[in-house]
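Note sheet for the following structure.
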Amino acid sequence: MNNSQECLALQFSPDNEWVCPEDYQINNIFEKQKLEQFFEVISTDNYKIFDWYYANLYEIHHKIGGYGYFTQTDPREYSPQYKDHKFVLLHMISDDEICWGDCGVGNFLIRAEDLENLDFSQVIYNYDCS
Numbered sequence: 349m350n351n352s353q354e355c356l357a358l359q360f361s362p363d364n365e366w367v368c369p370e371d372y373q374i375n376n377i378f379e380k381q382k383l384e385q386f387f388e389v390i391s392t393d394n395y396k397i398f399d400w401y402y403a404n405l406y407e408i409h410h411k412i413g414g415y416g417y418f419t420q421t422d423p424r425e426y427s428p429q430y431k432d433h434k435f436v437l438l439h440m441i442s443d444d445e446i447c448w449g450d451c452g453v454g455n456f457l458i459r460a461e462d463l464e465n466l467d468f469s470q471v472i473y474n475y476d477c478s
């Protein structure tokens with residue numbers, strides 16, 4: 349881990365991703381019954397499927413765009429005023445050089461119309477750690 353005050357650069361590349369179960373938008377993508385079945389299967393098999401999902405389908409990395417990943421709870425799920433902040437402006441993870449608390453993540457989220465208008469006055473920020 350880097351404990352100095354030096355500047356660090358993030359690198360990005362175009363990619364596709366699956367929706368992350370921690371993103372509240374998963375509820376809008378899958379039917380409620382199928383989503384409940386998914387989480388029921390995960391919990392009955394000691395999270396083996398969940399581990400497989402993260403190992404094979406969902407990579408957690410620094411990104412611009414895509415779906416949010418949260419180590420605790422997606423703040424948009426319980427805060428109606430943030431529901432429209434659907435776009436990840438910047439997502440940063442803890443890695444070998446950057447640490448958010450005890451290996452957490454930071455998210456900057458924005459509404460579609462604000463992004464289109466280049467209005468960053470209503471961006472929300474969330475940081476959580478494991």
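Per the numbering used here, the sequence shown starts with residue 349, numbered consecutively. Virtual Cβ for every residue (Gly too), placed ideally from N, Cα, C.
Nonlocal neighbours in the same chain, by C-beta distance under 6 Å from glutamine 420, ignoring five residues either side: If you number the sequence shown from 1, residue 420 lands on position 72. Asp476.
Minimum C-alpha distance to proline 362 - residue among Gly454, Asp422, Gly414: On the sequence shown, position 14 is the one that residue 362 refers to. Per the Cα distances, Gly414.
Segments assigned beta strand (DSSP E), at least 3 residues, entirely inside the segment 419-444: 435-441
The alpha helix (DSSP H) enclosing leucine 463, as first and last residue numbers: For the purposes of this step, residue 463 is identified with residue 115 of the sequence shown, where counting begins at 1. 460-464 is the span of the alpha helix (DSSP H), which, as asked, contains leucine 463.
Phenylalanine 301 burial status per 10 Å Cβ neighbour count (16 or more: buried): A query on residue 301 cannot be resolved here, the shown segment of the chain reaching from 349 to 478 and no further.
Extent of the continuous beta strand (DSSP E) to which isoleucine 446 belongs: Mapped onto the sequence shown, residue 446 falls at position 98. Element bounds for isoleucine 446: n/a, residue is neither H nor E.
Where asparagine 364 falls: helix, strand or coil (DSSP): One-based indexing of the sequence shown puts residue 364 at position 16. Of the three classes helix, strand and coil, the one that applies to asparagine 364 here is coil, per DSSP.
Where phenylalanine 360 falls, given that 16 or more other Cβ within 10 Å makes a residue buried: In the sequence shown, the residue the question calls residue 360 occupies position 12. Burial call: exposed.
Test item: CB-CB of leucine 437 and leucine 466 under 8 Å: Residue 437 sits at position 89 when you count from the first residue of the sequence shown. Residue 466 sits at position 118 when you count from the first residue of the sequence shown. No, Cβ-Cβ distance for leucine 437 and leucine 466 is not below 8 Å.
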